[in-house]
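Asker: Numbering (full-length UniProt numbering), first residue to last: 1 to 205.
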């Protein structure tokens, strides 16, 4: 088990990660072996949005890479919880024949939150633009609050393999027979980008 402090060069985006893992091997008999592995990780850290072109044509000059655009003190960080489980049982029938069956599960839950700068729909200088998906010529931008909680992804796998060696007609043979079953499931709530009430800001040097 180990904690980690995540230090970013972008202000207000420091994070935290906690990690734990466990490995277990059990020799049930001289011919039977059971292996179990478990790993858990949780991480939270704010995302850092990028700059856009001024008026859709000019690069922002003197933009600081340390500044977090659209920072809102109440915005939530991106949170990730991951769990990985693995088990394997191996049995040796003889010196040349053995079989094993393994199973694994990987599950990740992501709460994706982001306060980000996008477009200049609320700026007077962008009023006549059809789709002003850029900063205004003066550096104004709108602030959106993106929320996509409980994005869950799960992978399950089961595999059985039987291997061995034999000799026929003076020739050595190796045989491997197996079966694999894999399942993937994704569950996600509809994401939303809120702008209630409209927020506007300007990037500074």
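Note that beta-carbon positions come from the ideal geometry of N, C-alpha and C, so glycine has one too.
Just checking my contact of residue 77 with residue 15 at CB under 8 Å: how many whole Å lie between their CB atoms?
Answerer: 7 Å
Asker: Roughly how many angstroms lie between the CA atoms of residue 139 and residue 159, to the nearest whole one?
Answerer: 57 Å
Asker: So, does the CB of residue 75 fall closer than 8 Å to a CB anywhere in chain D?
Answerer: Considering every chain present, this structure includes no chain D. It has just one protein chain.
Asker: Mind listing, in chain order, the continuous beta strand (DSSP E) runs of no fewer than 3 residues lying wholly within the stretch 54–112?
Answerer: 78–92
Asker: Below 8 Å, can you find three or more Cβ-Cβ pairs linking the stretch 24–41 to the stretch 82–99?
Answerer: Cβ pair count under 8 Å is three or more, so yes.
Asker: Please classify residue 176: is it buried, with 16 or more other beta-carbons within 10 angstroms of its beta-carbon, or exposed?
Answerer: exposed
Asker: Could you give the residue range of the beta strand (DSSP E) that holds residue 164?
Answerer: 140–168
Asker: Can you tell me the Cβ-Cβ gap for residue 135 and residue 54, rounded? I've got them flagged as a contact below 8 Å.
Answerer: 5 Å
Asker: Could you tell me the distance, in whole angstroms, from the CA atom of residue 189 to the CA atom of residue 171?
Answerer: 59 Å
Asker: Give every residue of the same chain whose Cβ lies closer than 6 Å to the Cβ of residue 186, excluding the five residues on either side of it in the sequence, and list them in chain order.
Answerer: Hits under 6 Å: 153.
Asker: Excluding five sequence neighbours on each side, which residues of the same chain lie with their C-beta closer than 6 Å to the C-beta of residue 114?
Answerer: For residue 114, the CB contacts under 6 Å within the same chain, skipping 5 residues up- and downstream, are 47, 146 in chain order.
Asker: Between which two residues does the beta strand (DSSP E) containing residue 174 stretch?
Answerer: 171–187
Asker: What are the boundary residues of the beta strand (DSSP E) that residue 130 is part of?
Answerer: Counting along the chain, residue 130 falls outside any beta strand (DSSP E), and DSSP gives it neither H nor E.
Asker: Spell out the partners DSSP gives residue 26 in its beta bridges.
Answerer: 34
Asker: State buried or exposed for residue 178, treating a residue as buried only when at least 16 other CB atoms are found within 10 Å of its CB.
Answerer: exposed
Asker: Suppose you measure from the CA of residue 184 to the CA of residue 71; what does that come to, to the nearest Å?
Answerer: 36 Å
Asker: In three-state DSSP terms, what is residue 48?
Answerer: coil
Asker: Can the beta-carbon of residue 166 be found closer than 8 Å to that of residue 96?
Answerer: In contact: residue 166 and residue 96 (Cβ atoms closer than 8 Å).
Asker: How long is the line joining the alpha carbons of residue 4 and residue 73, rounded to whole angstroms?
Answerer: 23 Å
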